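Asks: Attaching a single structure in structure tokens format; questions to follow.
Residue numbers (our numbering): 3 to 281.
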């Protein structure tokens, strides 16, 4: 009879600092370190098992063994995910939401997103040539905000770009945080959801035109499993929350830029780099 090898155990007292530092690579780095597709760790004082690979995905999606409801702490839902977002759904509800998101990520939509990204970064590079110095992370937040809203069909005035970008970033930055950062993220989500709630209500009422097939139009007229539109009381819980899901994914790219290019939050001067690249 074969005996399974012991599961590697990461020796850190708590892996939260490492998770915050390494982000998406946290599991991958340890899978490679321990030459194992699973290992034990500690997060916030709790014992956890991390898994990776094709078999792990199949196991994770086995509804008989795992459920999403109740897994995400409320403080995370109040900032990063949003209450009643797809990450908290199980069964048919989750499948329906998943199909909704997948329907928006068509090859043509992905090409449009890439085109928008290229245009926005190139436009920013032109502006940077006239600046003595720039803070790349701050610039990235606004660029990604413009890209996300334009791609989703959400109207965004130039005067509100900075405010919206800061709110989106604050929601992501609040993930796992305590104290002022957490409450800043909660306020940002509440304010952002109110903004999106009004936009969706205007689309439904015909006050604001949304192109059919756009993210905004699709979200505004999404129907529940029973065939009914979402009740007005749940607009904030779904329309704005799910819309912000698209934006927060892009903002996380901005955080990755910061982690790669910044040391102790020092600003990086890019004017010479941009000029040389154009030359």
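By construction, the Cβ of each residue, glycine as well, lies at the ideal position given by its N, Cα and C atoms. Bear in mind that the values here come from a model prediction, so they are computed numbers and not experimental data.
#1: Excluding the five sequence neighbours on either side, which residues of its own chain have a C-beta within less than 7 Å of the C-beta of residue 248, listed in chain order?
#2: Could you tell me which whole alpha helix (DSSP H) segments of length 4 or greater appear in the region 94-174?
#3: Could you have a look at residue 45 and say whether DSSP puts it in helix, strand or coil?
#4: Decide if the region 9-21 is in contact with the region 38-45; the criterion is three or more beta carbon pairs, one per stretch, under 8 Å apart.
#5: Candidates 69, 229, 93 and 40: which alpha carbon is nearest residue 57's?
#6: Quick check on residue 96 - is its C-beta less than 8 Å from some C-beta in chain D?
#7: Examine the Cβ distances between the region 58-65 and the region 186-201 and report whether three or more of them are shorter than 8 Å.
#8: Determine the contact status of residue 219 and residue 213, defining contact as a CB-CB distance below 8 Å.
#9: Identify which residue in 205, 53 and 93 has its Cα closest to the Cα of residue 66.
#10: Mapping the DSSP letters down to three states, classify residue 219 as helix, strand or coil.
#11: Determine the closest residue to residue 146 out of 126, 132 and 135, with distance taken between C-alpha atoms.
#12: Which residues in the same chain as residue 169 place their Cβ atom closer than 7 Å to its Cβ, once the five residues preceding and following it in sequence are excluded?
#13: Going by C-alpha to C-alpha distance, which of 38, 52, 6 and 8 sits closest to residue 17?
#14: Is it right to say residue 175 is buried, meaning 16 or more other beta carbons lie within 10 angstroms of its own, or is it exposed?
#15: First and last residue of the alpha helix (DSSP H) that includes residue 1?
Replies: So, from the listed chains and residues:
#1: In this predicted model, residue 248 has a pLDDT of only 49, less than 50, meaning its place in the structure is not dependable enough to derive any value.
#2: Runs found: 109-130 and 138-154.
#3: Collapsing the DSSP output to three states places residue 45 in a strand.
#4: The region 9-21 makes contact with the region 38-45: 3 or more CB pairs, one atom from each, lie closer than 8 Å.
#5: When only C-alpha atoms are compared, the closest one is 40.
#6: Here chain D cannot be found, since the structure has a single protein chain.
#7: In short, these stretches do not touch, since the Cβ pair count stays below three.
#8: Residue 213 is positioned such that its CB atom lies closer than 8 Å to that of residue 219.
#9: Just measuring C-alpha positions, the residue of 205, 53 and 93 sitting nearest residue 66 is 93.
#10: Helix, per DSSP.
#11: The residue with the shortest Cα to Cα distance from residue 146 is 126.
#12: Excluding residues within five positions, the ones whose Cβ falls inside 7 Å are 190, 193 and 194.
#13: When 38, 52, 6 and 8 are compared, the shortest CA-CA separation from residue 17 is found for 52.
#14: Flag for residue 175 reads buried.
#15: With the chain represented from 3 up to 281, any question about residue 1 goes unanswered, as that position is not in the structure.
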